[in-house]
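In this note's numbering, the protein residues as written are 11 to 282. A virtual CB, placed ideally from N, CA and C, is assigned to each residue, including glycine. None of these values were measured; they are calculated from a predicted model. Let me begin by presenting the structure, written as structure tokens, before commenting on it.
If you want it as structure tokens, here you go:
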């Protein structure tokens, strides 16, 4: 399974379906997903917490990842945020733990999750990726490190004046360090994505959220290797939930489109 995940990053374009729990993972696998990613925002929101603020602990996140990995037979890449620790050794420990619960890869951010720290400086961000790559390379099976440059997403005291230039510089250094996938979430226009593909230095993951205009065919044409949807799939699911509740309260009608998945179908996805 892990070798399959590595191969997916070597040619073509594939969809990494972001799921928030074991149930959504099994449903995604059942309808044909070839690889899954966890979503820190979907996980946080499902617990009634905010995202990107360090609200999820290492233990909670690894337990959720373990549940997802155990539920499916396809590769799972874990959104490991900042590695649940600021130091390179924290990142190394996180990669080792995630590999231990069956993950095929993980992403590591250069955003600290703490507004007083903001973004790690370039040298520290690189040290953290190096620690992740070295730990992954020491495993007895392939493990894909996706190194993230968050320059477009967060506002802090040390936010870059030119997010694109900063993201590219960081991605290039992460590629040189051996990261198997590179990711600068934020841009969704064709020109910016083409620039990232051309300059990042390795296979690029792009965030093309639910509700966006670009398609998988567009992603292939641009040269994106891996497409993820982040927390947008969770939010789309919650939009349907909200709409159904509003309908029940306002009209009293229980007819919805599409109809609910039969309980027997969902039950059949799990071992007795």
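Rounded separation between residue i and residue j - CA only
{"i": "residue 186", "j": "residue 172", "result": "22 Å"}
{"i": "residue 254", "j": "residue 271", "result": "14 Å"}
{"i": "residue 190", "j": "residue 236", "result": "11 Å"}
{"i": "residue 143", "j": "residue 155", "result": "6 Å"}
{"i": "residue 222", "j": "residue 118", "result": "25 Å"}
{"i": "residue 83", "j": "residue 73", "result": "17 Å"}
{"i": "residue 22", "j": "residue 165", "result": "34 Å"}
{"i": "residue 79", "j": "residue 248", "result": "23 Å"}
{"i": "residue 20", "j": "residue 115", "result": "14 Å"}
{"i": "residue 48", "j": "residue 203", "result": "23 Å"}
Selection from the options that minimises the alpha carbon distance to residue i
{"i": "residue 197", "options": "35, 169, 159", "result": "159"}
{"i": "residue 148", "options": "24, 281, 110, 204", "result": "110"}
{"i": "residue 151", "options": "67, 205, 105", "result": "105"}
{"i": "residue 98", "options": "146, 37, 138, 213", "result": "138"}
{"i": "residue 278", "options": "128, 40, 247", "result": "40"}
{"i": "residue 64", "options": "91, 86, 87, 58", "result": "91"}
{"i": "residue 281", "options": "30, 47, 36, 210", "result": "36"}
{"i": "residue 275", "options": "26, 123, 33", "result": "33"}
{"i": "residue 157", "options": "244, 87, 66", "result": "87"}
{"i": "residue 161", "options": "131, 268, 141, 140", "result": "131"}
{"i": "residue 183", "options": "215, 174, 205, 136", "result": "136"}
{"i": "residue 201", "options": "181, 231, 176, 167", "result": "231"}
{"i": "residue 179", "options": "199, 209, 169", "result": "209"}
{"i": "residue 24", "options": "44, 30, 11", "result": "44"}
{"i": "residue 141", "options": "95, 18, 239, 70", "result": "95"}
{"i": "residue 134", "options": "101, 216, 146", "result": "101"}
{"i": "residue 246", "options": "46, 219, 256, 59", "result": "219"}
Counterpart residues of residue i in DSSP-defined beta bridges
{"i": "residue 92", "result": "Per DSSP, none; premise fails for residue 92."}
{"i": "residue 18", "result": "Partner(s): none; residue 18 has no beta bridge."}
{"i": "residue 108", "result": "According to DSSP, which records beta bridges pairwise, residue 108 is partnered with nothing at all."}
{"i": "residue 237", "result": "25, 216"}
{"i": "residue 116", "result": "88, 155"}
{"i": "residue 129", "result": "121"}
Going along the chain, which unbroken runs of the beta strand (DSSP E) with 3 or more residues stay wholly within the region 33-71?
Within the region 33-71, the complete beta strand (DSSP E) runs of at least 3 residues are 46-48.
At 4 residues or longer, what runs of the alpha helix (DSSP H) sit wholly inside the region 147-212?
The region 147-212 contains these whole alpha helix (DSSP H) runs: 173-186, 200-209.
Does the region 191-210 come close enough to the region 225-243 that 3 or more CB-CB pairs lie under 8 Å?
By the Cβ rule, the region 225-243 counts as touching the region 191-210, because three or more pairs are nearer than 8 Å.
Quick check: the region 250-269 against the region 53-63, are at least 3 beta-carbon pairs closer than 8 Å?
Segments in contact, no.
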